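Input: a single structure, listed below in structure tokens.
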Ligand code: F0G
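Residue numbers (our numbering): 3 to 467.
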């Protein structure tokens, strides 16, 4: 075609899809947003979505499904027992994640609930690579104490290490020696680590965790919510994996774990759904029995047949290399604009979100004045972009002392739904964040006026100081 002698052309990645259906969104006025913010008690979780312009609250359940997934929705078999869609989902989990047994649940925390009830005894200790809100709460409600064993870099927003989600093997070893393997029902390994900024775990690390755990007869349970994104980072960053597919990397990663909890609302490109997967027969038997008490029969677990079909198909789409490159490429596109403008964000840029470092925005505020909550509110006021606090409010209180946890990371998460927004939406978001950053000296912080007992970040209310 006459192109043989030319240099290979520079090619940006572009989305491997085109848009078939659109959902209108509306820009609001400043006065409207100020009213909405007061009504919501300065908590972005309490805003009505109709008052939001670009919704970066979460990537959970907010992704766009493909025409193939929607076609699958029409193939829903809504039989109470033995729905064909359950068997399709089971086959997809076996093929792509490699676990033997599947227990469907309504979403990730349903799986966490069942697992915690089955494996934890009061007084147990669960080590993990940083806490996640619902995961830790289910462990605590069953009488366990969570122990953070993530590498120190995970708590440092400026450290550029490629695998800041890794487990610190010395910390884990010391903990096992201290409390004894009998008190550790499992190691909770999340990939990627949400609260650290969407940071991945390396294959070398999961292998080493597995080997250490096996020496002591301890299980490794994966939080596979964003394990596909983790697999992409391994492909990009870890020696020996550049030539492997995300699909193969995912399966190898899971092979070093004994089971997983899954929120299908993230990687799997669906609006609702989750599952628990297990390799051990006895634990599976118990989970399959318990699921009928709390979720639904063991062939639907709280999901409609059509939801299971959409998830089975979403799993297939989620591991395609071109999909995941574009998904994480978009997050990097936003993050890079902020880095170029000098805005302090967690580095390296994470898999599902860009995390603003609220401490660095507002050195004038103490952590008790809720810098990240303040920043999320000011960003919404500025442009109608909705983000989420991931700092002291999310960290909650120590169940024994009743005192606030004071996490090192005081962050605001700009979470990117999959296949939903365009680069132009990312541009508007970056412009707004930069403007809020330029006005950072004016922020005065918030005080909490209402605090719910559990997972307070969802419903807490605040006033301006
Ligand atoms: N594990 C991780 C790592 C998560 O990010 C979530 C949810 C869950 C478990 C619980 O799953 O919501 O389906 O019950 N994260 C959402 C978020 C809520 O916005 O990060 P779920």
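For each residue, glycine too, the CB sits at the ideal point set by N, CA and C. All values derive from a computational prediction rather than experimental measurement.
- Burial is judged here by how many other beta carbons sit within 10 angstroms of a residue's own beta carbon; residue 452 has fewer than 16 and is exposed.
- Checking the DSSP bridge columns, you'll see residue 264 partnered with 277.
- Not a single heavy atom of the ligand F0G lies less than 7 angstroms from the C-beta of residue 397.
- Membership of residue 421 in any beta strand (DSSP E) is not indicated, and neither H nor E is assigned to it by DSSP.
- According to the DSSP assignment, residue 378 belongs to no beta strand (DSSP E) but to the alpha helix (DSSP H) extending over 373-385.
- Excluding sequence positions up to five before and after residue 370, its CB lies within less than 8 angstroms of the CB of 394 and 406, all in the same chain and listed in chain order.
- Linking residue 269 to residue 466 through their CA atoms gives a straight-line distance of about 36 angstroms.
- Between residue 88 and residue 301, the C-beta gap is smaller than 8 angstroms, which places the two residues in contact.
- Cβ contact annotation for residue 374 (same chain, cutoff 7 angstroms, sequence separation greater than five): 360, 391, 392, 393, 412, 413 and 414, in chain order.
- Bridge pairing for residue 201: 195 [DSSP].
- For residue 335, the closest C-alpha among the options 323, 428, 366 and 384 is that of 428.
- Nearest Cα to residue 292 within the set 99, 28, 105 and 14: 105.
- The region 230-245 makes no contact with the region 276-283, as fewer than three CB pairs between them are under 8 angstroms.
- Taking each of 161, 18, 164 and 118 in turn and checking the Cα distance to residue 148, the smallest one comes out for 118.
- Between residue 225 and residue 272, the C-beta spacing is not below 8 angstroms.
- Where residue 451 is concerned, the enclosing beta strand (DSSP E) starts and stops at 448-452.
- By a beta-carbon distance limit of 8 angstroms, residue 51 does not contact residue 421. Their separation comes to about 18 angstroms.
- Inclusion of residue 182 and residue 131 in the CB contact set at 8 angstroms is not warranted, their separation being larger than that value.
- Taken through DSSP and simplified to helix, strand or coil, residue 389 comes out as coil.
- Taking residue 318 as the centre and dropping the five residues before and after it, the same chain places the C-beta of 94 and 98 closer than 8 angstroms to its C-beta, in chain order.
- Within the DSSP bridge table, the entry for residue 223 names 190 and 261 as partners.
- Leaving aside the five residues that flank residue 209 on each side, the residues in its chain whose CB is nearer than 6 angstroms to its CB run, in chain order, 258.
- Its chain contains 125, 126 and 127 as the residues whose beta carbon lies nearer than 8 angstroms to that of residue 185, once the 5 sequence neighbours on both sides are disregarded; these appear in chain order.
- Pairwise C-beta distances place the region 431-449 in contact with the region 351-365, as three or more of them are shorter than 8 angstroms.
- The C-beta distance from residue 192 to residue 134 rounds to 6 angstroms, short enough to fall under 8 angstroms.
- In summary, residue 76 is exposed, with fewer than 16 beta-carbon neighbours lying within 10 Å of its beta-carbon over all protein chains present.
- By a beta-carbon distance limit of 8 angstroms, residue 462 contacts residue 45. Their separation comes to about 6 angstroms.
- Judged by their CB atoms, residue 56 and residue 430 are nearer to each other than the 8 angstroms cut-off.
- With a cutoff of 7 angstroms, residue 269 does not count as near the ligand F0G, since its C-beta is closer than that to no heavy atom of the ligand.
- For residue 335, the enclosing alpha helix (DSSP H) has its first and last residue at 323-342.
- The DSSP-derived three-state label of residue 60 is coil.
- For residue 122, the CB contacts under 8 angstroms within the same chain, skipping 5 residues up- and downstream, are 128, 141, 144, 145, 146 and 187 in chain order.
- In the same chain as residue 62, and ignoring 5 residues on each side of it, the C-beta atoms closer than 7 angstroms to its own belong to 265, 267 and 268, in chain order.
- Assigned with DSSP and collapsed to three states, residue 358 falls in strand.
- Residue 437 and residue 101 have their C-alpha atoms spaced approximately 47 angstroms apart.
- The DSSP assignment places 103-107 and 127-130 as complete runs of the beta strand (DSSP E) inside the region 90-149, in order along the chain (cut-off: 3 residues).
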